Amino acid sequence: MLIGQPTIMDLVDEIKNRNILLPMIQRPFVWLRDEERITKLFDSVVKKFPIGIVLLYQKPYQKSKEASQIFGRTFFDRIDENTKFEEYDTEVKDGQIVVLDGHQRLQSLYLGVIDGPLYGKRLYHNVFFFRKERPISDDSFKFFKSDEKVIYDEDDESLYLRFAEVIGIAKRISKVSPHKKEQEKKTILKELKELIGPFRFFPDEDYSYIYGYLSETISNSLFFKPDPHIFHYELITGKDFDDDVLEIFVRFNQGGLPLTKSDLIFSTLKLQWKDGGVKFENLAEESGIDKDLLLKTLIVVSGLPADTKIQKVRGKIECLKNNYDEFEEVIKQFHDKVRKITDQYDRIYKNITL
Numbered sequence: 001m002l003i004g005q006p007t008i009m010d011l012v013d014e015i016k017n018r019n020i021l022l023p024m025i026q027r028p029f030v031w032l033r034d035e036e037r038i039t040k041l042f043d044s045v046v047k048k049f050p051i052g053i054v055l056l057y058q059k060p061y062q063k064s065k066e067a068s069q070i071f072g073r074t075f076f077d078r079i080d081e082n083t084k085f086e087e088y089d090t091e092v093k094d095g096q097i098v099v100l101d102g103h104q105r106l107q108s109l110y111l112g113v114i115d116g117p118l119y120g121k122r123l124y125h126n127v128f129f130f131r132k133e134r135p136i137s138d139d140s141f142k143f144f145k146s147d148e149k150v151i152y153d154e155d156d157e158s159l160y161l162r163f164a165e166v167i168g169i170a171k172r173i174s175k176v177s178p179h180k181k182e183q184e185k186k187t188i189l190k191e192l193k194e195l196i197g198p199f200r201f202f203p204d205e206d207y208s209y210i211y212g213y214l215s216e217t218i219s220n221s222l223f224f225k226p227d228p229h230i231f232h233y234e235l236i237t238g239k240d241f242d243d244d245v246l247e248i249f250v251r252f253n254q255g256g257l258p259l260t261k262s263d264l265i266f267s268t269l270k271l272q273w274k275d276g277g278v279k280f281e282n283l284a285e286e287s288g289i290d291k292d293l294l295l296k297t298l299i300v301v302s303g304l305p306a307d308t309k310i311q312k313v314r315g316k317i318e319c320l321k322n323n324y325d326e327f328e329e330v331i332k333q334f335h336d337k338v339r340k341i342t343d344q345y346d347r348i349y350k351n352i353t354l
């Protein structure tokens with residue numbers, strides 16, 4: 001249970017225990033191949049740069065059997081070619097929490113902390129990063145495709161440790177009582193030598209530096225100590241999901257502007273049309289036509305303007321569903337005919353606007 005302002009590690013523990021889930025309204029994890037975006041997020045945490053707000057919703061304890069059903073999924077422990085990105089088959093129970101905003105950041109943080117692989121690569125942290133002056137834009141984290149816990153870059157004088165190891169040691173340091181600190185320090189220094197020693201020789205002062213860095217920087221970072229000015233979360237309670245929370249989600253993500261992209265419509269569409277998202281994904285892949293254009297086209301042929309706001313689309317889901325099969329057949333026929341005429345169909349689709 002989240003109380004007060006949790007640390008990043010508190011949130012990771014709640015995710016690990018499946019107390020925080022991703023609701024069906026969330027889009028898939030889109031930072032799949034964006035290693036730099038993920039490493040920059042971790043680097044910001046260490047440097048105490050603001051990383052924004054996370055918006056959560058806790059399902060209330062309901063006495064009525066007619067209470068809203070919310071379906072979601074757990075966070076991914078690994079990401080690879082075989083990962084299924086939309087398994088929203090877990091019913092959210094009373095008291096459980098779902099993420100309204102912050103999915104990409106929380107999934108990234110969770111994956112890095114638990115040492116989950118991203119296409120076979122693991123997250124590493126340069127514990128020598130702050131030993132010399134570097135441009136502020138330089139990154140102290142990297143992904144490596146390696147089974148080693150230690151990687152030394154001699155040219156850059158960088159010592160990369162598997163971040164899960166860094167977190168594990170920092171966690172121990174953060175929990176040590178003051179009168180046992182010196183005793184625990186000796187134990188950790190010994191463990192650091194056992195960890196790093198087989199890969200490269202370092203003098204004792206380097207190990208003292210690493211211990212000091214883990215103690216003063218990592219153990220005092222947002223991973224273990226909350227700072228609402230840098231990282232903040234809001235927990236919504238006592239609200240009805242179907243009405244209040246969905247409207248909050250729309251406003252938070254849309255800012256009251258007319259819809260210009262389909263992501264939010266897809267999110268709300270999936271609540272009433274569970275396999276709708278999969279249908280559009282498959283049709284987009286098969287036809288080569290962007291799903292944003294496909295959705296807007298279906299909206300138009302169903303009698304609504306292409307820039308219809310989400311609230312109005314919600315009331316027309318049945319109409320979209322009823323029109324979909326015929327719409328899909330027309331799209332496939334159109335695609336087949338265009339392919340017979342030219343092999344430049346990708347360029348044609350990109351230049352079609354509604």
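Going by the working numbering, the sequence shown opens with residue 1, and the numbers climb by one from there.
Note that the Cβ used here is the ideal one computed from N, Cα and C, for glycine as well.
Since this is a predicted model, take the numbers as computed values, not measurements.
Close CB contacts of residue 226 within its chain, under the 7 Å cut and outside five residues either way in sequence, are with 5, 6 and 7 (chain order). Here the alpha carbons of residue 316 and residue 156 stand approximately 58 Å from one another. Rounded to the nearest angstrom, the gap between the Cα atoms of residue 285 and residue 168 is 42 Å. Rounded to whole angstroms, the separation of the alpha carbons of residue 114 and residue 164 is 6 Å.
Counting only runs of 4 or more residues that sit fully inside the stretch 77-119, the alpha helix (DSSP H) segments are 103-113, in chain order.
Under the criterion of beta carbons closer than 8 Å, residue 211 and residue 185 qualify as touching, at roughly 6 Å. Counting along the chain, no alpha helix (DSSP H) covers residue 221, and no H or E run does either. The DSSP assignment places no complete beta strand (DSSP E) segment of no fewer than 3 residues inside the stretch 276-325. The three-state secondary structure of residue 168, taken from DSSP, is helix. Apart from the 5 residues on each side of it in sequence, residue 61 sits with its Cβ closer than 7 Å to the Cβ of 94 and 95 in its chain, given in chain order. Here residue 232 is actually not in contact with residue 97; their C-beta atoms are around 16 Å apart, not less than 8 Å. The shortest C-alpha to C-alpha distance from residue 174 to any of 141, 214 and 149 is the one to 214.
The secondary-structure analysis by DSSP pairs residue 142 across a beta bridge with 124.
It is roughly 24 Å from the alpha-carbon of residue 138 to the alpha-carbon of residue 102. Judged by DSSP in its simplified three-state form, residue 137 adopts coil rather than helix or strand. With contacts defined as CB atoms closer than 8 Å, residue 296 and residue 324 fail to qualify as a contacting pair. Per DSSP, residue 148 lies in no alpha helix (DSSP H) segment and is marked neither H nor E.
In the three-state reduction of the DSSP assignment, residue 20 falls in the strand class, which pools E and B. Cα atoms of residue 327 and residue 298: separation of roughly 7 Å, rounded to the nearest angstrom. Boundaries of the beta strand (DSSP E) harbouring residue 236: 231-236, taken from the DSSP string. According to the DSSP assignment, residue 73 belongs to the beta strand (DSSP E) that extends over 71-73. Excluding residues up to 5 positions away in sequence, 124, 144 and 160 lie with their Cβ nearer than 7 Å to the Cβ of residue 151 in the same chain.
Residues 55, 57 and 249 of the same chain have their beta carbon placed closer than 6 Å to that of residue 100, with the five preceding and five following residues left out of the count. Runs of the alpha helix (DSSP H) spanning 4 or more residues and lying entirely within the stretch 169-208 occur at 181-196, in chain order. Residue state for residue 54 is assigned as strand, using DSSP reduced to three classes.
According to DSSP, residue pairing for residue 160 in a beta bridge involves 126 and 151. If you compare the alpha carbons of 247, 162, 331 and 289 with that of residue 140, the shortest gap goes to 162. Residue 313 is classed as buried because its beta carbon has at least 16 other beta carbons within 10 Å across all chains shown. Here residue 30 carries a coil assignment [DSSP, helix/strand/coil].
The Cβ-Cβ distance between residue 74 and residue 18 falls below 8 Å. If you draw a straight line from the Cα of residue 29 to the Cα of residue 271, it is about 18 Å long. In terms of CA proximity to residue 331, 301 leads the group 305, 301, 343 and 318. For residue 39, the secondary structure class from DSSP, reduced to helix, strand or coil, is helix. Distance from residue 40 to residue 92 at the Cβ level is roughly 31 Å; contact not present, criterion being Cβ atoms closer than 8 Å.
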